[in-house]
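A.B. asks:
Numbering (mature numbering (1 follows the signal peptide of the UniProt record, and there is no 0)), first residue to last: -22 to -1, 1 to 249.
1) Applying the criterion that 16 or more other CB atoms from any shown protein chain within 10 Å of the CB defines a buried residue, is residue 241 buried or exposed?
2) Which whole runs of the beta strand (DSSP E) in the stretch 165 to 232 are 3 residues long or more, in chain order?
3) Between the alpha carbons of residue 19 and residue 127, how many angstroms are there, rounded?
4) Can the beta-carbon of residue 6 be found closer than 8 Å to that of residue -5?
5) Give, in chain order, every unbroken run of the beta strand (DSSP E) that is at least 3 residues long and sits entirely within the stretch 62 to 96.
6) Using a Cβ-Cβ cut-off of 6 Å (strictly less than) and excluding sequence neighbours within five positions of residue 54, which residues of its own chain qualify?
7) For residue 138, is the classification buried or exposed, using 16 other Cβ atoms within 10 angstroms of its Cβ as the cut-off for buried?
8) Does the contact criterion of 3 or more C-beta pairs under 8 Å hold for the stretch 69 to 87 versus the stretch 189 to 198?
9) Opposite residue 100 in the DSSP bridges: which residues?
10) Thinking residue 83 and residue 113 are a contact (beta carbons under 8 Å), I'd like their distance in whole angstroms, please.
11) Out of 147, 235 and 157, point me to the one whose CA is closest to residue 204's CA.
12) Measure the Cβ-Cβ separation of residue -11 and residue 33 and say whether it is below 8 Å.
13) Taking residue 13 as the reference, give the member of -9, 38 and -14 with the closest Cα.
14) Quick check on this structure: which residue in 160, 23, 247 and 60 has the alpha carbon closest to the alpha carbon of residue 41?
15) Using three-state DSSP, classify residue 241 as helix, strand or coil.
16) Would the beta-carbon of residue 60 fall within 8 Å of that of residue 96?
17) Go through its chain and collect everything with a Cβ distance to residue 79's Cβ below 8 Å, but skip five positions before and after it.
18) What is the rounded straight-line gap between the Cα of residue 179 and the Cα of residue 187?
19) For residue 141 versus residue 227, is the C-beta spacing smaller than 8 Å?
20) Is the Cβ-Cβ distance between residue 122 and residue 202 less than 8 Å?
21) Assuming residue 155 is part of the alpha helix (DSSP H), what are its boundary residues?
22) Report buried or exposed for residue -21, applying the criterion of at least 16 other Cβ atoms within 10 angstroms of its Cβ.
23) CA-CA distance, residue 217 and residue 206?
24) Do residue 234 and residue 145 have their beta-carbon atoms positioned less than 8 Å apart in this structure?
25) Of all the options 107, 192 and 152, which has the alpha carbon lying nearest to the alpha carbon of residue 131?
26) Relative to the C-alpha of residue 48, which residue among 190, 129 and 115 is closest?
The structure is reproduced here in structure tokens:
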């Protein structure tokens, strides 16, 4: 079997979009479609339902993803063994919260690229549940999650750092009557809401930039990692109301799978 078809399968399973898959793999969309159809013919099963909202894995597709990851991992280990330990290369797929993607990982990934030019890191923002599911089903090699604690039976969960969390507002905004928070599933936002004694107005967004812009404009308060508001605090466009308990940054991996040299190198760089 052409392993390029398996790589296309994994990317489409992760993105849910033929267009995004084509862009990531540097292919035209028609090629992605043809590859998926070829794989479906080869396996004798429909792997994706083509819906208006995107491509969604069927049960057969989920089984295929599980085994495709194992095949590609074996292929990479074979390459590593033949070329020697100095040839560290291959794809590494990571999911992490938006704040970690934006502020913590770029320099780490740049360091990896400088040391091992053959490693290609594919980074995507993700909530905890989606990230853990991705590691479990093999569409992700590594996941970073921000939580107080992580329960993920069968997976290896390692605490690798702490993320300071801040309650902030624009200068002069004194009333905590309205909050702009990240969407449900954001651990530190959800924790803050649970601890509120009253029920104020809460608006949820999927973007740190959207939340921060509303608060800088004086519309209310927010809860964000310190790294996401450090520039605004220094400039005086935001003020610290109070510090909140830190969130722990965890690295999640699957011990059932033997990681390639590339995955091991990236995991070491994240620790």
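Quick reminder that beta carbons are idealized off the backbone N, C-alpha and C, glycines included.
These numbers were taken from a predicted model, which means no experiment stands behind them.
C.D. replies: Walking through what the data contain:
1) Residue 241 sits at position 263 when you count from the first residue of the chain shown. Buried.
2) When DSSP assignments are scanned along the stretch 165 to 232, the uninterrupted stretches of beta strand (DSSP E) that are 3 or more residues long and fall wholly within it turn out to be 179 to 183, 199 to 203 and 217 to 231.
3) Taking the chain shown and counting its residues from 1, the one referred to as residue 19 is at position 41. Taking the chain shown and counting its residues from 1, the one referred to as residue 127 is at position 149. C-alpha of residue 19 to C-alpha of residue 127: approximately 43 Å in a straight line.
4) What you label residue 6 is simply residue 28 of the chain shown in a count that begins at 1. What you label residue -5 is simply residue 18 of the chain shown in a count that begins at 1. The answer is no: Cβ separation not under 8 Å.
5) Counting whole runs of 3 or more residues, the stretch 62 to 96 contains the beta strand (DSSP E) stretches 68 to 74.
6) Taking the first residue of the chain shown as 1, we reach residue 54 at position 76. So the list reads 68 and 238, once near-sequence residues are dropped.
7) The sequence position of residue 138 within the chain shown is 160, counting from 1. By the 10 Å Cβ count, residue 138 comes out exposed.
8) Three or more beta-carbon pairs separated by less than 8 Å are not found between the stretch 69 to 87 and the stretch 189 to 198, which leaves the two stretches without contact.
9) Taking the first residue of the chain shown as position 1, residue 100 is located at position 122. 71.
10) Indexing the chain shown from 1 puts residue 83 at position 105. Indexing the chain shown from 1 puts residue 113 at position 135. Wrong, their Cβ atoms sit about 16 Å apart, outside the cutoff.
11) As a first step, residue 204 must be located in the chain shown, where it is residue number 226. The shortest Cα separation from residue 204 among 147, 235 and 157 belongs to 147.
12) Residue mapping note: residue -11 aligns to position 12 of the chain shown, counting from 1. Residue mapping note: residue 33 aligns to position 55 of the chain shown, counting from 1. In this structure, residue 33 lies closer than 8 Å to residue -11 by Cβ.
13) Locating residue 13 in the chain shown gives position 35, counting from the first residue. Comparing alpha-carbon positions, the option among -9, 38 and -14 lying closest to residue 13 turns out to be -14.
14) Stepping through the chain shown from its first residue, residue 41 is reached at position 63. Closest option to residue 41, Cα to Cα, is 23.
15) The count along the chain shown starts at 1 and reaches residue 241 at position 263. The three-state secondary structure of residue 241, taken from DSSP, is helix.
16) Position 82 of the chain shown, counted from the start, is the residue given in the question as residue 60. Position 118 of the chain shown, counted from the start, is the residue given in the question as residue 96. The beta carbons of residue 60 and residue 96 sit no closer together than 8 Å.
17) If you number the chain shown from 1, residue 79 lands on position 101. Within the same chain, Cβ atoms closer than 8 Å to the Cβ of residue 79 are found at 101, 102 and 103, the five residues on either side in sequence being excluded.
18) The residue given as residue 179 occupies position 201 in the chain shown. The residue given as residue 187 occupies position 209 in the chain shown. Residue 187 has its alpha-carbon roughly 19 Å from the corresponding atom of residue 179.
19) Here residue 141 is taken as the residue at index 163 of the chain shown, counted from 1. Here residue 227 is taken as the residue at index 249 of the chain shown, counted from 1. Taking 8 Å as the Cβ cut-off, residue 141 and residue 227 qualify as a contacting pair.
20) Indexing the chain shown from 1 puts residue 122 at position 144. Indexing the chain shown from 1 puts residue 202 at position 224. Not closer than 8 Å, so no.
21) By 1-based counting over the chain shown, the position of residue 155 is 177. For residue 155, no alpha helix (DSSP H) run applies, since DSSP gives it neither H nor E.
22) Walking along the chain shown from the start, residue -21 turns up at place 2. Under the 10 Å beta carbon count, residue -21 is surrounded by fewer than 16 other beta carbons and is classified as exposed.
23) Locating residue 217 in the chain shown gives position 239, counting from the first residue. Locating residue 206 in the chain shown gives position 228, counting from the first residue. When the Cα atoms are used, residue 217 and residue 206 turn out to be separated by approximately 13 Å.
24) In the chain shown, the residue the question calls residue 145 occupies position 167. In the chain shown, the residue the question calls residue 234 occupies position 256. Cβ atoms of residue 145 and residue 234: not closer than 8 Å.
25) As a first step, residue 131 must be located in the chain shown, where it is residue number 153. When the alpha-carbon of residue 131 is set against those of 107, 192 and 152, the nearest one is in 107.
26) Indexing the chain shown from 1 puts residue 48 at position 70. Among 190, 129 and 115, the Cα nearest to that of residue 48 belongs to 115.
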